DNA sequence: AAGAGGATGAACT
DNA sequence: GTTCATCCTCTTG
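Below you can see the structure in the form of structure tokens.
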């Protein structure tokens, strides 16, 4: 058994059940997002995230506690994936947080590839590893094989094809940069909230 | 029943 | 900097 295959447990429910989604978003930086489909693993360190907090956050799909078929996943107990189709093309992956009924979520915007890079390249139709392989919320889902078909899937269950691990990569507060979220100009004053967080010195973050 | 627009990315000029 | 691919969800009538 190689080091990559050694068992690391998924982050526990308590990690996701916290009621401060901004705190969870920051804590997700440096954690490792893993998928395993058909026995093939891909993984990457999370380098960029955004927090979304219904009901008061106008940028959230669940703003004002709007419950629709699509937003229902975000009202679930923390520890699931909220995956939706954006612009008809891109599958965007979010981590659902907070207890049931509170529609909080963290959008994962970029990861640093760690495992299964050949498979990532294949899924992305690329031939040479480059930062763009997993940089951007639509790019990383394609590389990891995540699709809307997995909306609502558990990040906690044994045997789930998607989970997040702590591999002991320490992120100090001074390593985290913050700024306004991308593409939420429609959200009024909420658009100015600095709820996008990224690893300051990472090459695997856009712009 | 129909239409608008979106938590983007890639390929252009 | 601009364009456009592409389709689901939500709103309106």
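In our numbering, the protein residues as written are 3 to 209.
From the three backbone atoms N, C-alpha and C, an ideal C-beta is built for every residue, glycine too.
Source: prediction; values computed, not measured.
Exercise for the section: Quickly, what does DSSP pair residue 54 with across the bridge? List them, please. Expected result: 107
Exercise for the section: Please state whether DSSP places residue 136 in a helix, a strand or coil. Expected result: Residue 136 falls in the coil class under three-state DSSP.
Exercise for the section: Please classify residue 141: does DSSP put it in a helix, a strand, or coil? Expected result: helix
Handout entry: Pair within 7 Å by beta-carbon distance, residue 115 and residue 136
Key = For residue 115 and residue 136, yes; Cβs fall inside 7 Å.
Practice task
Go ahead and pull the three-state DSSP assignment for residue 15.
Solution key: helix
Exercise for the section: Would you identify the three-state DSSP class for residue 167, choosing helix, strand or coil? Expected result: strand
Exercise for the section: Please name the residue in 153, 167, 127 whose C-alpha comes closest to that of residue 76. Expected result: 153
Exercise for the section: Specify the secondary structure class of residue 192 as computed by DSSP and reduced to three states. Expected result: helix
Exercise for the section: Report yes if the C-beta distance between residue 206 and residue 49 is below 7 Å; otherwise report no. Expected result: yes
Problem - Burial state of residue 81 (16 or more Cβ within 10 Å) - result: Buried, since its Cβ has 16 or more Cβ neighbours within 10 Å.
Exercise for the section: Please report how far the alpha carbon of residue 182 lies from the alpha carbon of residue 60, in whole angstroms. Expected result: Each residue's Cα considered, the two are about 13 Å apart.
Problem - Any 3 or more C-beta pairs closer than 8 Å across the segment 139-159 and the segment 79-96 - result: yes
Problem - Where residue 206 sits in the DSSP three-state scheme - result: coil
Problem - Residue range of the unbroken beta strand (DSSP E) whose run includes residue 210 - result: With the chain running from 3 to 209 in the structure shown, residue 210 is simply not present.
Handout entry: Outcome for residue 127 when other beta-carbon atoms lying within 10 angstroms are tallied against a minimum of 16
Key = exposed
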